[in-house]
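A.B. asks: One structure is given below, represented as structure tokens, and several questions about it will come after.
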Amino acid sequence: MQEKEMVNDILSMVNNSMTGYANVVTQCDNQELRKTIQQLRDEGEKFQYDLYNIAKQKGYYNPAAQVTQQERQQVKSQLNQA
Numbered sequence: 002m003q004e005k006e007m008v009n010d011i012l013s014m015v016n017n018s019m020t021g022y023a024n025v026v027t028q029c030d031n032q033e034l035r036k037t038i039q040q041l042r043d044e045g046e047k048f049q050y051d052l053y054n055i056a057k058q059k060g061y062y063n064p065a066a067q068v069t070q071q072e073r074q075q076v077k078s079q080l081n082q083a
């Protein structure tokens, strides 16, 4: 397996973990456990962002194009109407 594939696989796995942590946090009644899961999520998000930056620098990952202010405003308006 090439380095690029490994990095992208890890990014994908970390992203899935972040979704899982978010689901657990929203359903957790035990405050101590909730804090622990939030810490894990925060550490995972930092790791994901650091790895994303490395992948981006190496050309392994190309982020989506930046949106314009008008596009942002349009999405914001649509969400506010929902």
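At position 9 of the sequence shown the residue is numbered 10 (our numbering), and the sequence of numbers has no breaks. C-beta atoms are modelled at their ideal positions from N, C-alpha and C, and glycine is treated no differently. Given the structure is predicted, the values throughout are model-derived calculations rather than measurements.
(1) Please report the straight-line C-alpha distance between residue 82 and residue 71, rounded to a whole angstrom.
(2) Could you give the DSSP three-state label for residue 53: helix, strand or coil?
(3) Could you check what DSSP says for residue 23 in three-state terms: helix, strand or coil?
(4) By how many angstroms is the C-alpha of residue 77 removed from the C-alpha of residue 63?
(5) Suppose you measure from the CA of residue 66 to the CA of residue 6; what does that come to, to the nearest Å?
C.D. replies: Looking at the coordinates:
(1) 17 Å
(2) helix
(3) helix
(4) 25 Å
(5) 22 Å
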